[in-house]
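Contents: one structure, followed by commentary.
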Amino acid sequence: MANAPKDIVTIPSFWYNKTLNYKTFMVPGILVLLVTMITLFLSGMNIVREKEIGTLEQMNVTPIKKYQFIIGKLFPFWILGFVLLTVGLTIAKVVFNVPIIGSLGLIYFYTAFYLLVVLGMGLFISNFTDTQQQAMFISWFFVVIFILMSGLFTPIESMPMWAQYVTEFNPVKYFVQVTRMVMLKGADFNDILPQLTKTVIYAVIMNGLAVWNYKKTN
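Using the working numbering, read the sequence shown as starting at 141 and increasing by one per residue.
In structure tokens form, the structure reads like this:
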């Protein structure tokens, strides 16, 4: 017993963010917020603006198919989403020195499907609104809920059990998880497959509902 150590020293070790720099943890989530808000607002208000100025009625009487019109209207915002992502990743790396351990291509691959979810949601909102103000307010309502329940600011594990179940229907949650997993942990395709699968299902449902609900006069 005389040779036994007097004190036991525990040295904690933090994975993926050893310096506990909050910017390293928050910036990937803020990037998700940037991409989501801008693409959702613009896609929702774009078609509503066509209603306000009367050009939508003229388009509706043309032989163009519903899905062709919708793809033509939303494709520019799909490209814009990638531009925003690129700008955000550049700022994260250059300004905030956030590590990007995983594959950038994997982030872009996932974002391609995530943007379909957001754009489909914007189109779905535009089907039920007549002014840009209405579209913006409704979009903002959903964005606030999505962000608060995405795990961006508050860990999902600390939420009530009912709230944790609700977050399963939150697409922003999956994007936040994927960006943090890929950028900070170096996750590969198999690691993000559960989030990707749910996002693809979400994209099919949202765009299917949006196209089906879009009213076009033959």
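Every residue gets a Cβ at the ideal spot worked out from N, C-alpha and C, and that includes glycine.
These figures come from a predicted structure and were not determined experimentally.
Around the Cβ of P311, a 10 Å sphere holds 16 or more other Cβ atoms; the residue is buried. Contact check between the stretch 246-255 and the stretch 310-325: three or more CB pairs, one atom from each, fall below 8 Å, which counts as touching.
Going by beta carbons, V351 and I210 fall inside the 8 Å limit. With respect to I241, K325 sits close: the two C-beta atoms are nearer than 8 Å. Counting every other CB atom within 10 Å of its CB across the protein chains shown gives I151 a total below 16, marking it as exposed. Nearest in C-alpha terms to V172, of all of V340, I193 and V227, is V227. Between the stretch 261-281 and the stretch 183-192, the count of C-beta pairs closer than 8 Å reaches three or more; the two stretches touch. At a cut-off of 4 residues, the continuous stretches assigned as alpha helix (DSSP H) that sit fully inside the stretch 183-218 are 195-200. Contact annotation: T176 and V283 have beta-carbon atoms nearer than 8 Å. Annotation: F217 to I148 spans about 58 Å, alpha carbon to alpha carbon. Annotated three-state conformation of L263 is helix, per DSSP. The beta carbons of L214 and L259 sit closer together than 8 Å.
For L160 and G245, the gap between their C-alpha atoms comes out near 27 Å. Residue G262 holds the alpha-carbon nearest to the alpha-carbon of G348 among L224, G262 and V167.
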